[in-house]
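Undergrad: Input: one structure, supplied below.
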Amino acid sequence: MSAPRDGAPGGTPDPGSPSGPPAAGATAKHRPPFWVFTLYFSEGFPYSMVHQFSTVFFKDHGASLEAVGLTSLYRLPWILKFAWAPLADAFSTKRRWILSAQCLLLGAALAMAAGSALPRPLEAVAALFLAAAILAATQDIAVDGFYLEALDRTRQAAYVGYQSMSYRLAMIAGGGGVIWFSGKFGWGPAFLLASGILAFVFLFHALYLPRTEARMRPGAQLLGYLFRPARLALLAAAAAGLAGLGWLWDRWGRVALSPHLPNLSVPAWIALAFLTAMVLLLLFLRPLKRRMEGSDSLYARAFVDYLDQRRIGIILAFLCTYRTGESFLLAMVYPLLKDIGLARDQYGLIYGTFGVAASITGGILGGHLIGKFGLKRVIWPLVAAQNVPNLLYAALAVWYAPLAGHPERGAADPFVVAPFVVLEAFGAGLGTAVFMVFIMRTCKASFKSAHMSIATSIMNVSTTLAGVLSGFLAHWLGWPLFFVMTFLATVPSMAMIPFLPHLEGGEAGGK
-11 MSAPRDGAPG
-1 GTPDPGSPSG
9 PPAAGATAKH
19 RPPFWVFTLY
29 FSEGFPYSMV
39 HQFSTVFFKD
49 HGASLEAVGL
59 TSLYRLPWIL
69 KFAWAPLADA
79 FSTKRRWILS
89 AQCLLLGAAL
99 AMAAGSALPR
109 PLEAVAALFL
119 AAAILAATQD
129 IAVDGFYLEA
139 LDRTRQAAYV
149 GYQSMSYRLA
159 MIAGGGGVIW
169 FSGKFGWGPA
179 FLLASGILAF
189 VFLFHALYLP
199 RTEARMRPGA
209 QLLGYLFRPA
219 RLALLAAAAA
229 GLAGLGWLWD
239 RWGRVALSPH
249 LPNLSVPAWI
259 ALAFLTAMVL
269 LLLFLRPLKR
279 RMEGSDSLYA
289 RAFVDYLDQR
299 RIGIILAFLC
309 TYRTGESFLL
319 AMVYPLLKDI
329 GLARDQYGLI
339 YGTFGVAASI
349 TGGILGGHLI
359 GKFGLKRVIW
369 PLVAAQNVPN
379 LLYAALAVWY
389 APLAGHPERG
399 AADPFVVAPF
409 VVLEAFGAGL
419 GTAVFMVFIM
429 RTCKASFKSA
439 HMSIATSIMN
449 VSTTLAGVLS
459 GFLAHWLGWP
469 LFFVMTFLAT
479 VPSMAMIPFL
489 PHLEGGEAGG
499 K
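Start counting the sequence shown at -11; every next residue gets the next number (the working numbering).
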């Protein structure tokens, strides 16, 4: 159990909160791996609803390709969630934030079931998808903060693999199971099925999610904090700005500032703007800290507090670059395999079954190794296991080069391809465990939720840009050199490892 957080003098525990670990009789109900599983399942399932359901629903109801493409704007709440993450640290408890978001998500899913029966359902359901996106991103903020509050450092590392497993299973249940159900029985019953899943996780968490936190300001004060005239004006301006961006994007299409940036979406530009803002904050950190003395601004304190830690420049660069090589690779793996003749159903079986199982296994094993031996002792082998398989894809591309683009010459052997996919997925699981544990250790005790959101938003910058640029680079370099480049893209982050703080186990200011 975590101690009351910094900045919360006199905080009182949530009613019914135990003063120590759960009682022996409650151990089975409160065993962390199980509620970690349900929490991160409840993160992945709404994400799947918003991103996978919406695309299929729009297309099934006759939306244009341009309108279907605009569903990518539903990613914005996850990119922008750092903007309201400090509220979860300052008001009520994260447990209550989780339950409130899940209850409202359940209501949104039920409303989608009703809206899908309307003669013209697109407008109503599209608005509900947007509401669900905001609620799901808010739940993510609270879930990540709760995980850091409820578990000590060793268990945070040990259970990080369960996060990935649960999230992936939720994506499979939503993106595969419920969409399949919609094809058999229609969208109304499919949304009702999704509502049933959301109702189950809500009821389970209401009954069994541990009460481990010190209560901050009462939740009732949140409305008073938000509905000040200046904040309402700022929110209105932000909403108008985002609506204007969406309208401009729909009217004039992609903005091409250079030959390599014609396909940057609105979320990608916002991610770039966020990174630029963080760099500017870092450059002016000292004068900002002086001006912040005595300030009651949650947002300014959260950002300045995150940047005010040892070797923050190295931390930001590492967060930006760690996933770059993997993001380049993942964007182009299927195009490569399709180009050398692997059938789509074969790829689905190899990656969707064996690859996912390998990734989950790698994540669980990586978390176990970090929890047992410490991050500093295992970071090099785990990072190497993530990055070296990129070169295996280069070898695969060389081996099957005569087949690329020439189906008449034959097709790749799925039994040859499968080990490459499985090894890469297993290594990616090991590397993800390293990254998530490191991110957790950069979060300070006073703003756990806000700092986790800031760190993951920084990560999203490079992954978004890598996905955009990967096609251009693959076309320019050719398959073998492209996959060599994906490995070279991992070298900067590996070069930073000897200089990273928090590897010994010390956090930025956590437990």
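All C-beta atoms in this analysis are idealised placements derived from N, C-alpha and C, irrespective of residue type, glycine included.
Predicted model only: the values in this text are computed from it and were never measured.
1) Going by Cα to Cα distance, which pick from Gly417, Ala99, Phe33 is closest to Asp128?
2) Mapping the DSSP letters down to three states, classify Glu111 as helix, strand or coil.
3) What residue range is occupied by the uninterrupted alpha helix (DSSP H) comprising Asp333?
4) Can you tell which of Trp387, Val409, Leu286, Ala124 has its C-alpha closest to the C-alpha of Glu314?
5) Under 8 angstroms Cβ to Cβ from Leu123, same chain only, skipping five residues before and after it: list those, please.
6) Roughly how many angstroms lie between the CA atoms of Ala392 and Tyr155, to the nearest whole one?
7) What number of angstroms, rounded off, separates the C-alpha of Trp502 from the C-alpha of Ala477?
8) Inspect the CB distances between the segment 429 to 437 and the segment 65 to 83 and report whether three or more fall short of 8 angstroms.
9) Rounded to the nearest angstrom, what separates Leu249 and Ala462 at their Cα positions?
10) Which of helix, strand or coil does DSSP assign to Asp132?
11) Confirm, please, whether the CB-CB distance from Gln374 to Ala416 is below 8 angstroms.
12) Determine the DSSP secondary structure at Arg500, reduced to helix, strand or coil.
13) Between which residues of its own chain and Leu491 is the CB-CB distance below 7 angstroms, once the five residues before and five after are set aside?
14) Could you check the C-alpha separation between Ala385 and Gly133 for me, to the nearest Å?
15) Is it the case that the Cβ atoms of Ala443 and Gly354 are separated by a distance below 8 angstroms?
16) So, is Thr312 buried or exposed, given that buried needs 16 or more other C-beta atoms within 10 angstroms?
17) Following the continuous alpha helix (DSSP H) through Glu412, name the residue where it begins and the one where it ends.
18) When the distance is taken between beta carbons, is Gln151 closer than 8 angstroms to Met447?
19) Rounded to whole angstroms, what's the CA-CA distance from Phe41 to Pro486? Just pull it up for me.
20) Can you tell me the Cα-Cα spacing of Leu106 and Leu180, whole angstroms?
21) Considering only C-alpha positions, which residue in the set Arg63, Ala125, Gly459, Glu137 is nearest to Leu318?
22) Given this structure, state the Cα-to-Cα distance separating Tyr381 from Phe471, to the nearest angstrom.
23) Assign Val449 to one of two classes, buried (16 or more other C-beta atoms within 10 Å of its C-beta) or exposed (fewer than that).
TA: Put simply:
1) Of the candidates Gly417, Ala99, Phe33, Phe33 places its Cα closest to the Cα of Asp128.
2) helix
3) 332 to 337
4) Val409
5) Pro34, Ala89, Leu92, Leu93, Ala96
6) 34 angstroms
7) With the chain covering only -11 through 499, there is no way to say anything about residue 502.
8) yes
9) Note on Leu249: pLDDT 46, under 50, position unreliable in the model; no value is reported.
10) helix
11) yes
12) Outside the modelled stretch of the chain, which goes from -11 to 499, sits residue 500, for which no answer is possible.
13) Leu363, Lys364, Ile367
14) 42 angstroms
15) no
16) buried
17) 402 to 429
18) In this structure, Gln151 does not lie closer than 8 angstroms to Met447 by Cβ.
19) 43 angstroms
20) 15 angstroms
21) Gly459
22) 6 angstroms
23) buried
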